[in-house]
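Residue numbers (full-length UniProt numbering), protein chains in the order written: chain L, 1 to 360; chain E, 1 to 360. For each residue, glycine too, the CB sits at the ideal point set by N, CA and C.
Put into structure tokens, the structure is as follows:
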């Protein structure tokens, strides 16, 4: 079992990674000061619950655990769902000393963490991620839900008590989810660690086939990179913004496709868009741009924008993105493999052109 | 102008009190690092807006200010209202650098502060209280809304950039609101400062007639007491709970009366209930109990519970209160004038009896 310690201003917590470590859950709860008398609300979704809810409930047989299952997918990151869970929690007597356990992927982590952050002005929560993608969202304390007008517009910064990552839960993931999750691992390499990028390129096949050894290493490295950045800038005042690499256009594609594109699938296109734009601005060589395409294709990712998407509409959605300050266009662009920078003043003309060039 | 500085773990901010100081608003914004380019969303209600919204808008004529007016009263502390404000904010281009300005009483402070705490994971907000009651809610960072099953069950701890308290705004308050607000001032005296209680008893009439000098002093003292307690215990792990003095039964009465009782009116009954219970337990003398009644009556407060309220139902609502830990009944009870203590193990029998004795 690998342990990474995350330190934030007010709170430190461990992320534990390993195969078949769910049986450590009761011990970890006790160590965290969560006694068997504590009421625990497990929040999961309709995909994960049939596979792993009973496994977790069995581990908690000495605790006062109840569960709530939401529909799978981004549709549950909604204010209506938050309200339903809170009603359920009140009706079942959750108080300030109670605990929420998120069992699922990024959506469940974001939703359950947000509920924990606002229920009775904040109760404790723990995370048991069940996807590769969740390696990203389970570190950094960003929790939240979507608004009809855009993703993640409602939320908080709120840290879990611990994250327990049982990699054996990943083996039931659909192929597309595996690929989508690995894109965020790629992202972590591409923003901060050239060596890790080279390792990823060499191990693409093992990772796509969920070799447990390779996956464990990749998750650990990805989490480490993210944790280092988050520790430096908890509230996203500066450097942390590089974690949004590929996400500006990524969110646009998710929105316009009505979430038919998975998060990682959309971010892959967003990263390639950033590379192409950087090459156009002269910050990235043509060879490096080509390496981006090669790497993403090795991980079976598309790198083009559906040709029916209106470029002006994409621009408008980007301008509404909360990552833009005072209406200025602000983007994370690569300047080398394993290195990015934040740019405030990009001529919208280049963005427009690059979007058009990517359409196919 | 009086200034009190509030220090919390992550954040320090001033509370400024004085008559006709609203013209200090632009200067204060600039001093806080809020430039004239910043988008400011003023949130107010249908009672306050006709009186003071234009006054504030005029002060902000060099800023990019917009406003949103909600119905007056606790009915606006609802998730539906939060959603509407957020939609309005997105549509009007509020981004992470924008600011929310709460112009109103406690409801507006709680609602606007909560919206600020979850909009794009938290944006800055400032408060311009327009009621006496708001002297309480504007210090301490407790923001939030109600749930159909209970008050303040959804919320955050979130601190404003500053509080600007123009006491000239208080002169348009209805008499019942003045009385209700003064109850929270009384509460601050009764939990922590015997001398202040004696001053309040002597100055009851001036305060009820809104003598500006007396009101300014009372607000300053009340805020100081609250600030000292809040600075000691920001997240209500311990001592801060004494601020809930009178509120356990107070919330029950607000709920059962469907908010026909104003907050302070209900808290006054709650404080007298606590005094009577403390006297029954032998912690308060009969004379002190009588002083409580005398003091509350001097401030024109009722001290009885409507006889039609069902005692069992009141007990059940109290048990669901988030101030109870692990299902235990936990109350703040006076042990002298100007002194209270938190008690964990009160025999429900005494609570039941005292409730019955207060019915009239």
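{"Check": "Please state if the CB of residue 154(L) and the CB of residue 119(E) are separated by a distance shorter than 8 Å.", "Outcome": "yes"}
{"Check": "For residue 166(E), report the span of its beta strand (DSSP E) as first-last.", "Outcome": "163-166"}
{"Check": "In whole angstroms, what is the alpha-carbon distance linking residue 179(L) and residue 44(E)?", "Outcome": "48 Å"}
{"Check": "With respect to the alpha helix (DSSP H) encompassing residue 329(L), which residues constitute its N-terminal and C-terminal limits?", "Outcome": "Unbroken run through residue 329(L): none, as it is neither H nor E."}
{"Check": "Buried or exposed: residue 254(L), going by 16 or more other Cβ atoms within 10 Å of its Cβ?", "Outcome": "buried"}
{"Check": "Assess, as a yes-or-no matter, whether the segment 81-101 of chain L is touched by the segment 181-193 of chain L under the definition of 3 or more beta carbon pairs within less than 8 Å.", "Outcome": "no"}
{"Check": "Taking the beta carbon of residue 1(L) as the centre, do at least 16 other beta carbons fall within 10 Å, making it buried, or is it exposed?", "Outcome": "exposed"}
{"Check": "Among 356(L), 87(L), 206(L) and 238(L), which one has its Cα closest to the Cα of residue 273(L)?", "Outcome": "356(L)"}
{"Check": "Could you tell me how far apart the beta carbons of residue 229(E) and residue 240(E) are, in whole angstroms, since I believe they sit closer than 8 Å?", "Outcome": "6 Å"}
{"Check": "Going by CA-CA distance only, name the one from 66(L), 60(L), 212(L) and 11(L) that's closest to residue 141(L).", "Outcome": "11(L)"}
{"Check": "Distance check for residue 168(E) and residue 213(E), CA to CA, integer angstroms please.", "Outcome": "11 Å"}
{"Check": "Could you tell me whether any Cβ in chain E is nearer than 8 Å to the Cβ of residue 62(L)?", "Outcome": "no"}
{"Check": "Helix, strand or coil, according to DSSP, for residue 340(L) in the structure here?", "Outcome": "strand"}
{"Check": "Who pairs with residue 176(E) in a beta bridge, going by DSSP?", "Outcome": "Answer by DSSP bridge pairing: none, since residue 176(E) is not bridged."}
{"Check": "Between the Cα of residue 343(E) and the Cα atoms of 25(E), 245(E) and 267(E), which residue gives the shortest distance?", "Outcome": "245(E)"}
{"Check": "Going by CA-CA distance only, name the one from 192(L), 114(L), 163(L) and 166(L) that's closest to residue 156(L).", "Outcome": "114(L)"}
{"Check": "Grab the span of the beta strand (DSSP E) containing residue 7(L) for me, first residue to last.", "Outcome": "2-7"}
{"Check": "Which residues in chain E have a C-beta closer than 7 Å to the C-beta of residue 251(L)? List them in chain order.", "Outcome": "The premise fails here: residue 251(L) is roughly 13 Å from chain E at the closest Cβ pair, so nothing lies under 7 Å."}
{"Check": "Compare the C-beta of residue 385(L) against all C-beta atoms of chain E and say whether one is closer than 8 Å.", "Outcome": "This structure cannot speak to residue 385(L), because chain L is shown only from 1 to 360."}
{"Check": "Does DSSP put residue 347(L) in a helix, in a strand, or in coil?", "Outcome": "coil"}
{"Check": "Tell me residue 39(E)'s beta-bridge partners as DSSP assigns them.", "Outcome": "64(E)"}
{"Check": "If we define contact as Cβ-Cβ less than 8 Å, is residue 101(E) a contact residue for chain L?", "Outcome": "no"}
{"Check": "Could you confirm whether any beta carbon from chain L is found closer than 8 Å to the beta carbon of residue 92(E)?", "Outcome": "no"}
{"Check": "Output yes if chain L places a C-beta closer than 8 Å to the C-beta of residue 264(E); else output no.", "Outcome": "no"}
{"Check": "Note down, in chain order, all residues in the segment 157-185 of chain E with a beta-carbon under 8 Å from any beta-carbon belonging to chain L.", "Outcome": "157"}
{"Check": "Of the residues 13(L), 199(L) and 300(L), which one's Cα is nearest the Cα of residue 126(L)?", "Outcome": "13(L)"}
{"Check": "Name the chain E residues whose beta carbon is nearer than 9 Å to that of residue 303(L)?", "Outcome": "The contacting residues do not exist; residue 303(L) stays about 29 Å from chain E at best."}
{"Check": "Can you give me the C-alpha to C-alpha distance between residue 49(E) and residue 136(E), rounded to a whole angstrom?", "Outcome": "21 Å"}
{"Check": "Taking the alpha carbon of residue 226(L) as the point to measure from, which residue in 66(L), 264(L), 187(L) and 360(L) has its own alpha carbon closest?", "Outcome": "187(L)"}
{"Check": "Less than 8 Å separating the beta-carbons of residue 111(E) and residue 83(E)?", "Outcome": "no"}
{"Check": "What does the Cβ neighbour count give for residue 138(E), buried or exposed, with the cut at 16 atoms within 10 Å?", "Outcome": "buried"}
{"Check": "Which two residues bound the contiguous alpha helix (DSSP H) that contains residue 194(E)?", "Outcome": "194-202"}
{"Check": "Can you list the residues of chain L that residue 119(E) reaches, using a CB-CB cut of under 8 Å?", "Outcome": "153 and 154"}
{"Check": "Name the DSSP bridge partner or partners of residue 16(E)?", "Outcome": "3(E) and 164(E)"}
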